[in-house]
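A.B. asks: Residue numbers (my numbering): 96 to 306.
And the structure:
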């Protein structure tokens with residue numbers, strides 16, 4: 096069976112030939128090369144969602160259901176997806192209950208070892224650019240948030256994989272110093288569902304080691 100993996104990361108610690116239990120979504124269309132999407136895998140008996148499009152969807156769902164409460168920010172009066180900032184497009188722009196404009200960039204996280212989750216699971220220059228943009232936004236007097244959506248439910252702490260993305264680690268450190276909110280939230284995960292659960296401590300000084 097040939098299936099589309101809805102994730103551009105390495106996922107080598109999750110997709111182990113002959114061992115990994117996976118959840119597939121049957122989506123036959125004449126324009127598709129495959130009839131199936133691989134959306135979740137089991138790790139140590141628990142589901143991990145690996146759909147890279149899912150984090151943005153569940154953030155918007157949480158907002159529309161009145162369940163998106165961001166620590167240090169609170170609830171939002173408005174939230175619009177895919178909003179242009181300068182010459183880029185950020186994931187969300189909204190307004191807090193206090194009337195502040197808030198820009199949000201969402202990053203999905205699936206890389207985990209021994210309770211420590213880390214971003215990114217593959218080299219990225221795009222994330223560095225987004226973090227710099229959030230820092231600029233704060234400098235212009237608006238609010239900004241980098242939101243990590245951890246697509247599993249067994250994380251103890253969130254960190255940055257500094258060996259893989261040293262420039263990103265520096266950019267996030269500068270962003271936090273400038274006043275950008277950096278928040279990590281884990282998820283309730285089943286084979287066919289994903290929803291935001293609770294905040295997870297973000298500690299950029301925690302060291303991530305691959306299994």
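From the three backbone atoms N, C-alpha and C, an ideal C-beta is built for every residue, glycine too.
All of these numbers come straight from a predicted model, not from anything done at the bench.
Could you pull the start and end residues of the beta strand (DSSP E) that residue 141 belongs to?
C.D. replies: In the chain shown, the residue the question calls residue 141 occupies position 46. First-last of the beta strand (DSSP E) with residue 141: 141-144.
A.B. asks: Measuring only between beta-carbons, confirm whether residue 156 sits less than 8 Å from chain D.
C.D. replies: No chain D is part of this structure, which consists of one protein chain only.
A.B. asks: Where does the unbroken alpha helix (DSSP H) through residue 223 begin, and where does it stop?
C.D. replies: Along the chain shown, one-based indexing puts residue 223 at 128. Looking at the DSSP string, the run of the alpha helix (DSSP H) that includes residue 223 is 221-234.
A.B. asks: Do residue 189 and residue 171 have their C-beta atoms within less than 8 Å of each other?
C.D. replies: Here the question's residue 189 lines up with position 94 in the chain shown. Here the question's residue 171 lines up with position 76 in the chain shown. Yes, Cβ-Cβ distance for residue 189 and residue 171 is below 8 Å.
A.B. asks: One question on the structure: do residue 196 and residue 237 come within less than 8 Å of each other, judged by their Cβ atoms?
C.D. replies: For the purposes of this step, residue 196 is identified with residue 101 of the chain shown, where counting begins at 1. For the purposes of this step, residue 237 is identified with residue 142 of the chain shown, where counting begins at 1. For residue 196 and residue 237, yes; Cβs fall inside 8 Å.
A.B. asks: Do residue 240 and residue 275 have their C-beta atoms closer together than 8 Å?
C.D. replies: Numbered from its first residue, the chain shown carries residue 240 at position 145. Numbered from its first residue, the chain shown carries residue 275 at position 180. The answer is yes: Cβ separation under 8 Å.
A.B. asks: So, is residue 304 buried or exposed, given that buried needs 16 or more other C-beta atoms within 10 angstroms?
C.D. replies: Working through the chain shown from its first residue, we reach residue 304 at position 209. The residue is exposed, with fewer than 16 neighbouring Cβ atoms inside 10 Å.
A.B. asks: Beta carbon of residue 277, beta carbon of residue 201: below 8 Å?
C.D. replies: Here residue 277 refers to the residue found at position 182 of the chain shown. Here residue 201 refers to the residue found at position 106 of the chain shown. For residue 277 and residue 201, no; Cβs fall outside 8 Å.
A.B. asks: Any idea which residues DSSP pairs residue 297 with across the strands?
C.D. replies: Position 202 of the chain shown holds residue 297. DSSP output for residue 297 lists 253 as bridge partner(s).
A.B. asks: In terms of alpha-carbon separation, which member of 211, 227, 221 and 218 lies closest to residue 272?
C.D. replies: In the chain shown, the residue the question calls residue 272 occupies position 177. Residue 272 has its Cα closest to that of 227, out of 211, 227, 221 and 218.
A.B. asks: Three-state secondary structure (DSSP) at residue 272?
C.D. replies: Counting from one through the chain shown, the residue named residue 272 turns up at place 177. It is helical.
A.B. asks: Would DSSP call residue 263 helix, strand or coil?
C.D. replies: Position 168 of the chain shown holds residue 263. Helix, per DSSP.
A.B. asks: In whole angstroms, give me the CA-to-CA distance for residue 133 and residue 247.
C.D. replies: One-based indexing of the chain shown puts residue 133 at position 38. One-based indexing of the chain shown puts residue 247 at position 152. Their Cα atoms are separated by approximately 16 Å.
A.B. asks: Would you check if the region 145-165 and the region 214-234 touch, i.e. whether three or more CB-CB distances between them fall below 8 Å?
C.D. replies: Touching, no, given that fewer than three Cβ pairs across the two stretches are closer than 8 Å.
A.B. asks: Report the three-state DSSP secondary structure of residue 153 (helix, strand or coil).
C.D. replies: Here residue 153 is taken as the residue at index 58 of the chain shown, counted from 1. Residue 153 falls in the helix class under three-state DSSP.
A.B. asks: Tell me the rounded alpha-carbon separation between residue 162 and residue 280.
C.D. replies: For the purposes of this step, residue 162 is taken as residue 67 along the chain shown, with counting starting at 1. For the purposes of this step, residue 280 is taken as residue 185 along the chain shown, with counting starting at 1. One C-alpha to the other measures close to 13 Å.
A.B. asks: Roughly how many whole angstroms lie between the Cα atoms of residue 254 and residue 131?
C.D. replies: Numbered from 1 along the chain shown, position 159 holds the residue referred to as residue 254. Numbered from 1 along the chain shown, position 36 holds the residue referred to as residue 131. Distance between the alpha carbons of residue 254 and residue 131: 32 Å.
A.B. asks: Since residue 169 and residue 192 are thought to touch, with beta carbons under 8 Å apart, how far apart are those beta carbons, to the nearest angstrom?
C.D. replies: Here the question's residue 169 lines up with position 74 in the chain shown. Here the question's residue 192 lines up with position 97 in the chain shown. The Cβ separation is near 6 Å, so the contact holds.
A.B. asks: Let me check one thing: in DSSP terms, what residues is residue 239 bridge-paired to?
C.D. replies: If you number the chain shown from 1, residue 239 lands on position 144. Residue 239 pairs with 198.
A.B. asks: Rank 282, 178, 250 and 229 by C-alpha distance to the C-alpha of residue 296 and give the top, closest one.
C.D. replies: Sequence index remark: in the chain shown, residue 296 carries index 201 (1-based). Comparing Cα-Cα distances from residue 296 to each of 282, 178, 250 and 229, the minimum goes to 250.
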